[in-house]
Amino acid sequence: MRPLIARRGPVLTHRDPAPSIWSYRFQRLWLTPLFRSLLRVGLPAFALVMGVGWYLSDPAHWRGVSDQVAELRREIENRPEFRVNLMNINGASPQLAEDLRAVLALDLPVSSFDLDLAAMRETLEQIPAVSRAELRIQSGGYLAVTIEERVPVVVWQTRVEPVLLDGEGNFVARLVDRELVAPLPMIAGEGADLAVAEALSLFETAAPLRDRMRGLVRMGERRWDVVLRDGRRILLPADEPRPALDRVLALDDAQDVLERAVLRIDMRNPQRPNIQLSPYALTELRRMRGADIGDGNG
1 MRPLIARRGP VLTHRDPAPS IWSYRFQRLW LTPLFRSLLR VGLPAFALVM GVGWYLSDPA
61 HWRGVSDQVA ELRREIENRP EFRVNLMNIN GASPQLAEDL RAVLALDLPV SSFDLDLAAM
121 RETLEQIPAV SRAELRIQSG GYLAVTIEER VPVVVWQTRV EPVLLDGEGN FVARLVDREL
181 VAPLPMIAGE GADLAVAEAL SLFETAAPLR DRMRGLVRMG ERRWDVVLRD GRRILLPADE
241 PRPALDRVLA LDDAQDVLER AVLRIDMRNP QRPNIQLSPY ALTELRRMRG ADIGDGNG
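Under full-length UniProt numbering, think of the first position of the sequence shown as 1, with each following residue one higher.
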């Protein structure tokens, strides 16, 4: 007999193809480039940093790593290709070059990593005779030092001693410390170093007086006196002294004023030049005038 109730087989459950809410969110996050980078790079890097930090938290490990790094650095710095064996100074006179070597006081050979070129340049540029310095390490273990030396153009007679100045009035050296190839024009007086450019212009104008001229003296820090070798003076104005000197030279060419018994020529007021005669010349002039008056009365 067949049973009245048919037997059914096992009920099959079909899996829902839609992902769960958490799977869906993870898949959306995985599509984000930042999230993928964070998992692929950031997480391993974080783990590595944490591991290194944990390892170095032990003082013994830290000292060991520091010693190894220092030893590696010393080995690199002491390699022959990084050593400086010679120093070459260009642009400086022999005497200045010796002074520069003494100031730097380098114990060669030395590693190039131990040289602070910027500090060395500042040290050299503090020397009065150095206008500008440039330092470079060249291949072959050479330290090239290029110097722009100040060129003395005048001698400034100070209260203490004569010194050399460049065209801008900067101190170059003491006169006793330099051997000059040719004599330089001389200036004197307080504030003369602040008006070197004007003094050079006056020396150029006074070229016809070069053989008879001793120098220029700054008066009151505002004007110049031309001093001749016999002590006579030409007093120049504070403003536009060069035209006033030109007038004196023109007068000398026309009347040989400087060949006469004149003590000084005062050009401080260019509109009213004043000539001071020597006592002998003044006496002779008065005698001649008296004789002329006597002859007129006769």
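Each residue gets a CB set at the ideal place from its N, CA and C atoms; glycine is no exception. On a predicted model such as this, the values are computed, not experimentally measured, just so you know.
For proline 44 and glycine 51, what's the separation of their Cα atoms in angstroms?
Cα-Cα distance, rounded: 10 Å.
Closest Cα partner of aspartate 230 within the set Ala238, Ser278, Met120, Asn269:
Relative to aspartate 230, the option among Ala238, Ser278, Met120, Asn269 whose CA is nearest is Ser278.
For the region 201-221 and the region 180-191, state whether three or more C-beta atom pairs, one from each stretch, are separated by less than 8 Å.
yes
I'd like to check one pair, alanine 97 with isoleucine 89: are the Cβ atoms closer than 8 Å?
For isoleucine 89 and alanine 97, yes; Cβs fall inside 8 Å.
Just verifying my parser: in three-state terms, what is the DSSP assignment at valine 110?
strand
To which residues does DSSP link valine 151 through a beta bridge?
None; valine 151 has no bridge partner.
When the Cα of leucine 175 is compared with those of Pro109, Val181, Val163, Val248, which residue comes out closest?
Out of Pro109, Val181, Val163, Val248, Val163 has the C-alpha closest to the C-alpha of leucine 175.
If you draw a straight line from the C-alpha of valine 226 to the C-alpha of leucine 86, how long is it?
50 Å
Opposite histidine 85 in the DSSP bridges: which residues?
For clarity, residue 85 is asparagine in the given sequence; the question names histidine instead. According to DSSP, asparagine 85 bridges with nothing at all.
Would you mind sorting arginine 25 into buried or exposed? The rule is 16 or more other CB atoms within 10 Å of its CB.
exposed
Looking at alanine 129 and glutamate 149, is the spacing between their C-beta atoms short of 8 Å?
Note that the C-beta distance between glutamate 149 and alanine 129 is below 8 Å.
To which residues of the same chain is alanine 199 closer than 6 Å at the C-beta, ignoring the five residues directly before and after it?
Only Ile187, Leu216 meet the Cβ criterion.
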